[in-house]
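Structure, as structure tokens:
Numbering (our numbering), first residue to last: 18 to 361.
Okay, here's the thing in structure tokens:
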């Protein structure tokens, strides 16, 4: 997509007019019509989103930057393999990197909190786990689309890349405590290599890791109440990586850990965790699967650091504010007492 992305392009009247014209064409092909002005509620260095009211409710045109352009092709694969787990795309243009989606309604995070959220995830996480099992045979396609390889065998190399990303921040605004923290992370290299080696030999084949599976990226279909009734639909796949599938629980359960103050052995964590693991129960013992979660989430923090770095690189450290430390914080969370600790 050379020259077709970036704040200057997406913010221009010419680009918005072109995108609105394409949007109208796709609506007409779907038997819909726009009923109001196209707005641009999100404009970031890494992507933009347009919103338009239609005869069948709002629609959203997503235009990612080059770092996440794979999302368009990925969405088409998801729609083929697990159509009940994603919003039904109205149109997709891989050449332009445009994706047109219907409105999903309120997210899970907007609908429920606390204990109700735990109960919802007991139902939803197995649906997500089955999606991952269905996608395990498509890893080569995912990599060909441009989804980043974060499988266990390459993670020692990714750790070095994440350290380089953290040094960019340190060179820009690092304090003495930041540098001390960085050196502690470097000192964990041998432990990280051991985790990666154990994860490479662990059960369950690599698949897609959403890499940002919090409740605000999940929609509930067919329900107006607190309890899920009908399939969950997972949204915003732009941070996805190919990894051990259990790495998804870093955010999926880490959100509960952070918001409820629940430790890894708390029933509020264990119940949704075990519901998810039931999908994989034919591959290993429960104890081995639980151990693998800890490994996958710990190693997955490297992927989180690099995902943050990609966003910061598009934005520029001088514009990032407090997020400039995010790669360092993500790596530092590997040193914490819990594999569910989210640094950023």
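Beta carbons: idealized from backbone N, C-alpha and C, even for Gly.
DSSP three-state assignment for residue i, whether helix, strand or coil
i: residue 334; result: helix
i: residue 98; result: helix
i: residue 352; result: helix
i: residue 63; result: coil
i: residue 85; result: helix
i: residue 242; result: The predicted model places residue 242 with a pLDDT of 48, which falls under 50 and marks its position as unreliable; any figure quoted below should be read in that light. Looking at residue 242 - three-state DSSP - the assignment turns out to be coil, as it is neither helix nor strand.
i: residue 248; result: coil
i: residue 138; result: helix
i: residue 105; result: coil
i: residue 309; result: helix
i: residue 143; result: helix
i: residue 284; result: helix
i: residue 58; result: strand
i: residue 383; result: Shown here, the chain extends from 18 to 361; a query on residue 383 therefore has no answer.
i: residue 253; result: coil
i: residue 179; result: helix
i: residue 186; result: helix
i: residue 22; result: coil
i: residue 129; result: coil
i: residue 192; result: coil
Nonlocal neighbours in the same chain, by C-beta distance under 8 Å from residue i, ignoring five residues either side
i: residue 53; result: 69, 70
i: residue 120; result: 74, 75, 76, 77
i: residue 183; result: 199, 202, 322, 344, 345, 348
i: residue 249; result: 102, 125, 140, 141, 144, 145, 235, 236, 237, 238
i: residue 104; result: 118, 119, 121, 236, 250, 252
i: residue 309; result: 216, 219, 220, 221, 261, 263, 301
i: residue 40; result: 51, 55, 67, 69, 76, 78, 117
Residues near residue i by beta carbon distance below 7 Å, same chain, minus five either side
i: residue 285; result: 135, 273, 277, 279
i: residue 114; result: 18, 80, 81, 86, 89
i: residue 295; result: 143
i: residue 28; result: 60
i: residue 43; result: 107, 108, 117
i: residue 242; result: Because the pLDDT of residue 242 is 48, which lies under 50, any placement of that residue in the model is unreliable, and the question is left without a value.
i: residue 155; result: 94, 98
i: residue 342; result: 186
According to DSSP, residues forming a beta bridge with residue i
i: residue 258; result: 165, 226
i: residue 78; result: 67, 117
i: residue 379; result: With the chain covering only 18 through 361, there is no way to say anything about residue 379.
i: residue 233; result: Partner(s): none; residue 233 has no beta bridge.
i: residue 124; result: 236
i: residue 72; result: 74
i: residue 51; result: 71
C-alpha gap between residue i and residue j, whole angstroms
i: residue 186; j: residue 321; result: 16 Å
i: residue 361; j: residue 324; result: 11 Å
i: residue 292; j: residue 143; result: 6 Å
i: residue 98; j: residue 340; result: 35 Å
i: residue 26; j: residue 62; result: 10 Å
i: residue 19; j: residue 331; result: Any reading at residue 19 needs caution, since the residue's pLDDT is 44, under 50, leaving its predicted position unreliable; the model's value is listed next. Distance between the alpha carbons of residue 19 and residue 331 is about 14 Å.
i: residue 93; j: residue 80; result: 15 Å
i: residue 192; j: residue 237; result: 44 Å
i: residue 317; j: residue 223; result: 13 Å
i: residue 51; j: residue 122; result: 18 Å
i: residue 231; j: residue 102; result: 15 Å
i: residue 257; j: residue 151; result: 16 Å
i: residue 288; j: residue 335; result: 42 Å
i: residue 299; j: residue 153; result: 15 Å
i: residue 117; j: residue 35; result: 14 Å
i: residue 207; j: residue 176; result: 11 Å
i: residue 227; j: residue 307; result: 19 Å
i: residue 305; j: residue 221; result: 11 Å
i: residue 301; j: residue 281; result: 20 Å
i: residue 45; j: residue 106; result: 14 Å
i: residue 178; j: residue 251; result: 29 Å
i: residue 174; j: residue 210; result: 10 Å
i: residue 359; j: residue 194; result: 19 Å
i: residue 55; j: residue 131; result: 36 Å
i: residue 164; j: residue 205; result: 27 Å
i: residue 159; j: residue 225; result: 8 Å
i: residue 229; j: residue 57; result: 23 Å
i: residue 233; j: residue 30; result: 30 Å
i: residue 283; j: residue 24; result: 44 Å
i: residue 162; j: residue 311; result: 29 Å
Close beta carbons around residue i, own chain, < 6 Å, minus the five adjacent residues each side
i: residue 111; result: 89, 90
i: residue 180; result: none
i: residue 85; result: 255
i: residue 49; result: 71, 72, 73
i: residue 267; result: 314, 317
i: residue 32; result: 26
i: residue 138; result: 289
i: residue 189; result: 334
query: Can we say the stretch 163 to 170 touches the stretch 213 to 221, given the rule of at least three CB pairs closer than 8 Å?
result: Enough Cβ pairs lie closer than 8 Å, so yes.
- prompt: Does the pairing of the stretch 347 to 356 with the stretch 193 to 203 give three or more beta-carbon distances under 8 Å?
  reply: yes
message: I want to know whether the stretch 143 to 159 touches the stretch 256 to 267 - three or more CB-CB distances under 8 Å.
response: In short, these stretches touch, since the Cβ pair count reaches three.
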